[in-house]
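Chains as they are written, first to last, in my numbering: chain A, 3 to 302; chain B, 1168 to 1263.
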């Protein structure tokens, strides 16, 4: 059964009853929430994802109002993982964004059977590109554009490297866009399904793009890494790839990984194998169409 | 560190060093501290030699002099700086 098989009222009831287990790639999350924003966001962006009927869930999360009087004075919400709240309360209309951040936090903090890099990853023609990127570099914009142009999304935030075979494992969850990139994607891809924006978050305005149906349907297919590309949006820059040192790429991905240090020697070996398998590039761009053309040539 | 041609160096036994080289750039991982560093080609040659077996400074200086085609005195000075840095990072230590 897919989440989209439920009506909004059915979904709200199951969320309120703590009776919804959502599978996203290798993880199953039980989501408990009375918030209509959570139900709306899930129905809009996760409709193609399967519900899980098993008895085991990796993560048990709740998004809802904190206890106490404050909920009446100023509506707020918080995120709980196994009864523990890792974040500060946020305005109630940030509920879906908070769920997304919370799900990232669950994976990044617990899935240590993978090497987890802070990078987006997409696949085309059997080869995957890993996109690390500093905040503001245009990584998520490029990720959304590539996915909406036919690349298969594995993740926009956390690259999972399988410790057994070094292949990349997908999550295919929505792509998080911020600020101006929301309108950039809306204009370039008018048919893209974009969730309700959350305004004035600590990241500015945030909205999520529905993953492509192909990305969700093939989320179980691991991908072979072929390129590591460091994107950087720069006004007026032509779209161009240039070589990037693999030693530098190693150090960058290791220092931005969620659990490289924790995995010790295994983390080193997995990240080194990733560098062995990949050509590394810097990528500057200013125009999305030009950027997509360069990636088409890369994957040809 | 004052040069001493007879002083022997080794990789700390607990270090469990791992190494990769890509296009002439070297990255080493220290298994005990969990630290990862990129080292110069010269430092990498010293470390790789010590990973094979302990060696004295005279031998290491000769290795550097031949690799870089420089005079022995220049190699000895460079070696002192390299060993000082490797010792500070606990990637190498004198054999006591």
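Where is the CB? At the ideal position from N, CA and C, for every residue including glycine.
Any chain B beta carbon closer than 9 Å to residue i
{"i": "residue 253(A)", "result": "yes"}
{"i": "residue 232(A)", "result": "no"}
{"i": "residue 1(A)", "result": "In the structure as shown, chain A begins at 3 and stops at 302. Residue 1(A) is therefore absent and cannot be evaluated."}
{"i": "residue 270(A)", "result": "yes"}
{"i": "residue 121(A)", "result": "no"}
{"i": "residue 321(A)", "result": "Nothing about residue 321(A) can be read from this structure; chain A reaches only from 3 to 302."}
{"i": "residue 244(A)", "result": "no"}
{"i": "residue 197(A)", "result": "no"}
{"i": "residue 228(A)", "result": "no"}
{"i": "residue 303(A)", "result": "Since the first and last residues shown for chain A are 3 and 302, residue 303(A) lies out of range."}
{"i": "residue 266(A)", "result": "yes"}
{"i": "residue 146(A)", "result": "no"}
C-beta atoms of residue i and residue j nearer than 9 Å
{"i": "residue 1214(B)", "j": "residue 1193(B)", "result": "yes"}
{"i": "residue 235(A)", "j": "residue 104(A)", "result": "no"}
{"i": "residue 164(A)", "j": "residue 116(A)", "result": "yes"}
{"i": "residue 102(A)", "j": "residue 175(A)", "result": "yes"}
{"i": "residue 221(A)", "j": "residue 172(A)", "result": "yes"}
{"i": "residue 34(A)", "j": "residue 22(A)", "result": "yes"}
{"i": "residue 1205(B)", "j": "residue 265(A)", "result": "no"}
Residue-level contact to chain A via CB, residue i, 9 Å cutoff
{"i": "residue 1194(B)", "result": "yes"}
{"i": "residue 1229(B)", "result": "no"}
{"i": "residue 1208(B)", "result": "no"}
{"i": "residue 1185(B)", "result": "yes"}
{"i": "residue 1216(B)", "result": "no"}
C-alpha distance - residue i paired with residue j, whole-angstrom precision
{"i": "residue 186(A)", "j": "residue 205(A)", "result": "17 Å"}
{"i": "residue 82(A)", "j": "residue 19(A)", "result": "16 Å"}
{"i": "residue 1177(B)", "j": "residue 168(A)", "result": "32 Å"}
{"i": "residue 1203(B)", "j": "residue 46(A)", "result": "43 Å"}
{"i": "residue 263(A)", "j": "residue 272(A)", "result": "12 Å"}
{"i": "residue 151(A)", "j": "residue 1257(B)", "result": "49 Å"}
{"i": "residue 135(A)", "j": "residue 232(A)", "result": "6 Å"}
{"i": "residue 251(A)", "j": "residue 183(A)", "result": "26 Å"}
{"i": "residue 296(A)", "j": "residue 1262(B)", "result": "54 Å"}
{"i": "residue 1222(B)", "j": "residue 217(A)", "result": "55 Å"}
{"i": "residue 143(A)", "j": "residue 203(A)", "result": "18 Å"}
{"i": "residue 243(A)", "j": "residue 160(A)", "result": "23 Å"}
{"i": "residue 1171(B)", "j": "residue 1220(B)", "result": "18 Å"}
{"i": "residue 5(A)", "j": "residue 44(A)", "result": "8 Å"}
{"i": "residue 1252(B)", "j": "residue 62(A)", "result": "48 Å"}
{"i": "residue 153(A)", "j": "residue 56(A)", "result": "31 Å"}
{"i": "residue 1255(B)", "j": "residue 1239(B)", "result": "24 Å"}
{"i": "residue 1195(B)", "j": "residue 1182(B)", "result": "11 Å"}
{"i": "residue 1259(B)", "j": "residue 1179(B)", "result": "6 Å"}
Presumed contact (8 Å Cβ cut-off) between residue i and residue j, rounded CB distance
{"i": "residue 132(A)", "j": "residue 179(A)", "result": "That pair is no contact at about 19 Å."}
{"i": "residue 156(A)", "j": "residue 170(A)", "result": "6 Å"}
{"i": "residue 88(A)", "j": "residue 79(A)", "result": "Not quite, the Cβ-Cβ distance comes to about 14 Å (not below 8 Å), so this is no contact."}
{"i": "residue 29(A)", "j": "residue 7(A)", "result": "Their Cβ separation, rounded to whole angstroms, is 20 Å, which puts residue 29(A) and residue 7(A) out of contact at 8 Å."}
{"i": "residue 291(A)", "j": "residue 240(A)", "result": "Incorrect: roughly 12 Å between the Cβ atoms, too far for contact."}
{"i": "residue 227(A)", "j": "residue 130(A)", "result": "5 Å"}
Stretch pair the region 245-261 of chain A + the region 108-128 of chain A: three plus CB contacts closer than 8 Å:
yes
With contact counted as at least three CB pairs below 8 Å, one residue from each stretch, are the region 31-44 of chain A and the region 58-68 of chain A in contact?
yes
Any contact of the region 273-292 of chain A with the region 235-250 of chain A, i.e. 3+ C-beta pairs under 8 Å?
yes
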